[in-house]
Amino acid sequence: MARQNPNIVITGTPGVGKTTHAEQLARNLGFVYVSVNQIVKDEGFHEGRDEELGSWVVDEDKLLDYLEASGISEKGGHVLDWHACELFPERWIDLVIVLRCDSTILYDRLTARGYKGKKLEENMDSEIMQVLLDEARESYKEEIVVELQSSSDEEVEGNVERVEKWVEQWKKDNEAKGGE
Ligand code: DAT
10 MARQNPNIVI
20 TGTPGVGKTT
30 HAEQLARNLG
40 FVYVSVNQIV
50 KDEGFHEGRD
60 EELGSWVVDE
70 DKLLDYLEAS
80 GISEKGGHVL
90 DWHACELFPE
100 RWIDLVIVLR
110 CDSTILYDRL
120 TARGYKGKKL
130 EENMDSEIMQ
140 VLLDEARESY
150 KEEIVVELQS
160 SSDEEVEGNV
170 ERVEKWVEQW
180 KKDNEAKGGE
């Protein structure tokens, strides 16, 4: 059965603004906000923490089974917030937003969060080398991957509006397809 609403992944290096965008989008659209980090932590879908990188070593099978059971694939209308995207099956996902941020601004955001040493360095390198953008482009069809800048508040506003318009169009196209 075709889903009535699209599923959207918001990805990017830590600090680029994924949570800011994903929460606002979910609120405006009436979609379900999915903090993958929170689920991994709360449900224990991990094999401990990589202290150097400051992230969970995720048990992907358990995470995907959990999301599947929540009806993501059939119902749609989920906004997924995670600093990786290649693990989500292609058939679940309709749009992948990769947020990008100016390095100086990102540096300030990450240090404000207490990142330092190797954790700070690795995340800065990841943004500069556009690791997440490449991962998204390798994992999904080119036409569903969109790179958006997230250095200023105005950009958040513009990005959210742009995605809302995209969702409207997706629904129209989807209805038209269903009526064929
Ligand atoms: P992420 O979920 O990618 O780790 P976040 O949404 O928690 O990022 O944002 C990190 C911090 O930066 C937070 O204090 C909000 C701020 N921020 C994010 N995107 C921004 C933007 N485009 N303009 C101004 N501040 C932004």
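For the sequence shown, the positions run 10 to 189 when our numbering is used. Just so you know, even glycine gets a beta-carbon here, dropped at the ideal spot from N, CA and C.
Distance cut-off 7 angstroms: residue i Cβ against heavy atoms of the ligand DAT
| i | result |
| --- | --- |
| Gly187 | no |
| Thr120 | no |
| Pro15 | no |
Endpoints, the beta strand (DSSP E) within which residue i is located
| i | result |
| --- | --- |
| Arg58 | 55–59 |
| Val18 | 17–20 |
Residue i - partner residues in DSSP beta bridges
| i | result |
| --- | --- |
| Ser44 | Asp90 |
| Trp65 | Arg58 |
| Gln158 | Arg109 |
| Leu104 | Ile17 |
Closest Cα partner of residue i within the set the options
| i | options | result |
| --- | --- | --- |
| Trp179 | Gly80, Leu89, Leu38, Pro98 | Leu38 |
| Glu152 | Gly187, Asp103, Glu170 | Asp103 |
| Leu119 | Asn46, Glu136, Ala35 | Glu136 |
| Lys206 | Arg36, Glu52, Gly57, Ser64 | For the chain, the structure presents residues 10 to 189; residue 206 sits outside this window and is missing. |
| Gly26 | Glu163, Cys110, Gly53 | Cys110 |
| Ile81 | Val41, Val66, His55, Glu52 | Val41 |
| His92 | Val45, Gln158, Leu72 | Val45 |
N- and C-terminal bounds of the alpha helix (DSSP H) containing residue i
| i | result |
| --- | --- |
| Gly126 | 126–137 |
Residues whose Cβ lies closer than 6 angstroms to any heavy atom of the ligand DAT, in chain order: Those residues, listed in chain order, are Gly21, Pro23, Gly24, Val25, Gly26, Lys27, Thr28, Thr29, Arg118, Ser159, Ser160, Ser161, Asp162, Glu164, Val165.
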